[in-house]
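Okay, structure first, notes after.
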Amino acid sequence: MGYIKITPNTNKIIENQFSVQYLPEGLIKKIEKGHLTVYAQDYINKTLVLSDNSTEGKQIPTLWTEKSFYTVKGSSLLKEILPESEKKFDYPKPIALIKSVIQTICEPEDIVLDSFAGSGTTGHAILDINKSLGYELNFILIEMMDYANTITAERVRRAISGYPFKGKKEEEIYSKKLTAKNILKADEFLKEAEAIAAEKEDEYTKISKPKIVDNCLKVIGTKVFDDKMEGLGGTFDYYELGAPLFKEDGNLNEEVGIDKFREYIYYSETKQPLLHATDETEPYLLDDFNRTGFYFYYKKDELTTLSFDTLTEIVNVKHDSYIIYADRCLLDDSFMTGHHIKFKKIPRDIKRF
């Protein structure tokens, strides 16, 4: 099936004989996943029907005017979760805004990257979506400022496990935008709203009757909390960037410590974590992987040489083949080939990611 539609031109102003239409990438993906039905492949009939489909209402607007998107909502929620924090964010994004964006552009199992995580709203929003809609979204948050752990990560932790709170919260459990095209289906939407309200009756302290708000048919659920906001569940890992492994001149940064180099080199070679502990009888062995022994012959403030004299110092265990990192090598090619040895020069041959 092609995704370019060619039709006879009916515009009298334009002299072209044909009109060429290209489908957006998003629509192509929806067709391939079965979210949209192709009804015809000729120019006489409609090829796609977008209304009453998952594409309806999914276009991202230029202006976000909903009251739930106001930044004051983001400020009040952040203060609620982290009352002890003295850090003030000028314009923290409200969770409703981020949820709307994510639900518009993401599939249920996507990975969302926020390179400027700030107060952690993106992570919080995804946890909320996963719980409420049963999605399996994952997220990566990056924050370089000094509040990365105390605010960004801490907010996500508390969103997962819950936090002290007394009061009530309102949530939209049904929302359907009413338009000139779908207004005739209002009775159908009303039945949908009432069915969802009945289905979720046990989850809320109170559920409103369906009502029209901002041209949308909505049902609002209210929860009352006596002492703690319930957690959203999920998992979250926090990592900090360490010192760079390499200096600007390309040499090893010895302040990092030899263990970090051992882990890095072994992973770069095998794509496996280094689990083998350093052995005094084999101090230069990283580990054996697929019958290949990986060695890192390195001494701080010294040049190491792979030679006949040092080979027995480096290797004490038999492998089918050997990869040995050192500063220089005096073994000839024929000897290394015959003994299945591959030399890699420090730091030149250490892979960079």
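Heads up, the sequence shown is in the working numbering, so the first residue is 11 and it goes up one at a time. Think of the CB as a built atom: it goes at the ideal place given N, C-alpha and C, for glycine as much as any other residue.
Exercise. So what does DSSP say about Phe256, is it helix, strand or coil?
Worked result: It is a strand residue.
For this session: Note down the Cα distance separating Ser64 from Tyr184, rounded to an integer number of angstroms.
Result: Residue placement at Ser64 is flagged as unreliable, the pLDDT there being 42, under the threshold of 50; the coordinate-derived value follows with that caveat. So the alpha carbons of these two residues sit roughly 16 Å apart.
For this session: Rounded to whole angstroms, what's the CA-CA distance from His329 to Ser142? Just pull it up for me.
Result: The alpha-carbon atoms of His329 and Ser142 are separated by roughly 53 Å.
Exercise. Thinking C-alpha only, which one of Thr315, Asn326 and Tyr101 is nearest Glu292?
Worked result: Measuring from the Cα of Glu292, the nearest candidate turns out to be Asn326.
Exercise. Assuming Ile152 and Tyr145 make a contact with CB atoms under 8 Å, what is their CB distance in whole Å?
Worked result: That pair is no contact at about 22 Å.
For this session: Let me know the secondary structure DSSP gives Arg301 once reduced to three states.
Result: Coil.
Problem set entry | Residues that DSSP places opposite Tyr315 in a beta bridge | Per the sequence shown, residue 315 should be read as Thr rather than Tyr. Its beta-bridge partners are Arg338.
Exercise. Quick one: what does DSSP say Ser331 is sitting in, helix, strand or coil?
Worked result: It is a strand residue.
For this session: Count the CB pairs spanning the region 81–95 and the region 160–169 that are closer than 8 Å, and state whether there are at least three.
Result: Because the criterion of three Cβ pairs below 8 Å is met, the region 81–95 and the region 160–169 touch.
Exercise. By how many angstroms is the C-alpha of Thr315 removed from the C-alpha of Gly252?
Worked result: Approximately 29 Å, taken between the alpha carbons.
For this session: Would you mind sorting Ser278 into buried or exposed? The rule is 16 or more other CB atoms within 10 Å of its CB.
Result: Label assigned to Ser278: exposed.
Exercise. Which residue comes first and which comes last in the alpha helix (DSSP H) that contains Phe140?
Worked result: Looking at the sequence itself, residue 140 is Asn, so the reference to Phe does not match. Run containing Asn140: Thr131 to Leu143, per the alpha helix (DSSP H) assignment.
For this session: Answer yes if the region 232–247 comes into contact with the region 199–210, meaning at least three C-beta pairs across the two stretches below 8 Å, and no otherwise.
Result: The answer is no - the region 232–247 does not touch the region 199–210, with fewer than three Cβ pairs under 8 Å.
For this session: Kindly confirm or deny that the region 220–240 and the region 256–270 touch, where touching means at least three C-beta pairs closer than 8 Å.
Result: No contact exists between the region 220–240 and the region 256–270.
Exercise. For Ile356, which residues from the same chain have a beta carbon less than 6 Å from its beta carbon, with the 5 sequence-adjacent residues on both sides left out?
Worked result: Correct list, in chain order: Tyr335 and Asp337.
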